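This report concerns only the one structure given below.
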Amino acid sequence: MDPSSFWRVGDYGIVGDLWAAPGRDLAAALDVRGLDTIDLATGTGVTAIALARHGAASVVGVDITPPLLAEAARRAEAASLRITWLEADVTSVPLPGASADLVTSTFGLVFAAEPRRAVAEAVRLTRPGGQVVFTSWSPDGLFGEVRRTMAAHFPEAPAPWHESEAGIREVAGPLAAVTERHFELVVASPETFVAQMEQWSAPIVLAARSLGDRWPAARGQLVDVVTGTGAVVRDTFRVQVPYLVTTLRR
Ligand SMILES: C[S@@+](CC[C@H](N)C(=O)[O-])C[C@H]1O[C@@H](n2cnc3c(N)ncnc32)[C@H](O)[C@@H]1O
């Protein structure tokens with residue numbers, strides 16, 4: 712399935728908002744005031760919008776899935792933020808080289824089928840002295856556990872390169888600096904979280920369809936692993952979710 716068809720399954724806008732904090736935290740942590748920025752695989756524009764809110768001089772959000780870009784544009788307009796939205800593959804962005812001081816991608820370019828080309832494209836778009844910063848899920852913690860639980864049912868699926876520092880350096884080069892950060896995911900319960908994923912998150916919707924009769928058992932395993940990653944606090948279920956931030960200086 713091509714990436715645009717894949718990512719329009721379910722509704723990324725609903726589940727993506729559950730893990731929007733890393734994009735917002737990234738834009739807050741980097742001093743983006745006055746910078747020209749590009750957010751690759753921007754989805755509903757969580758990170759692009761945060762870059763604009765934090766005073767970037769310009770923001771371009773690039774994605775291959777038109778309905779997600781349309782939602783991104785709606786959100787930016789509602790917030791009166793000026794962002795340029797561009798429908799393109801992250802491995803071939805129709806912008807000149809050295810267009811930006813900062814190129815970001817939160818849980819985005821790591822999903823490109825040709826990751827070396829995606830990283831090379833991010834570097835090409837960055838000016839000398841600028842940086843590329845992208846995020847991926849840590850192998851431990853909520854999303855690593857979810858991926859491994861599903862992978863047990865799809866043994867042919869390759870282990871992702873972006874879950875380890877060594878894998879990231881192999882793709883992004885030996886100078887890639889990888890650090891781990893956390894954010895707090897807050898949901899009503901593990902069951903609610905899995906129900907949302909099952910209904911709206913493309914990878915889980917498609918996995919459930921493909922497992923057919925075997926999905927209820929896999930679903931039960933998912934609820935169990937999610938339960939093991941967090942705790943009930945004041946009627947909510949809270950998880951400290953680890954993720955990796957990779958920085959490439961140009
Ligand atoms: C997990 S979502 C992340 C979206 C957003 N960055 C965020 O943090 O919410 C992955 C995004 O990557 C986009 N994507 C996947 N492959 C792509 C490609 N080859 N070129 C451009 N966008 C791509 C999808 O359309 C989707 O919006």
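Here my numbering is used: the first residue of the sequence shown is 712, the next is one more, and so on.
For every residue, glycine included, the Cβ atom is placed at its ideal position computed from N, Cα and C.
Note that the structure is a prediction, hence the values are computed from the model and not measured.
{"Check": "Through-space distance from Asp812 to Thr837, alpha-carbon basis", "Outcome": "6 Å"}
{"Check": "DSSP state of Arg930 mapped onto helix, strand, coil", "Outcome": "helix"}
{"Check": "Gly756 versus Ala906: straight-line alpha-carbon distance, rounded", "Outcome": "24 Å"}
{"Check": "Closer than 7 Å: Asp736 CB and nearest ligand 1 heavy atom", "Outcome": "no"}
{"Check": "Contact test: Thr776 Cβ vs ligand 1 heavy atom, cutoff 7 Å", "Outcome": "yes"}
{"Check": "Selected residue, minimal CA-CA separation from Gly941, among Gly754, Leu933, Asp935 and Val950", "Outcome": "Val950"}
{"Check": "Other residues of its chain near Ala862: CB distance less than 7 Å, five sequence neighbours each side excluded", "Outcome": "Ala868"}
{"Check": "Test item: CB-CB of Phe948 and Pro901 under 8 Å", "Outcome": "yes"}
{"Check": "Distance cut-off 7 Å: Gly721 Cβ against heavy atoms of ligand 1", "Outcome": "no"}
{"Check": "Same chain, Cβ closer than 7 Å to Ala883, neighbours up to 5 away in sequence not counted", "Outcome": "Val830, Thr957 and Leu959"}
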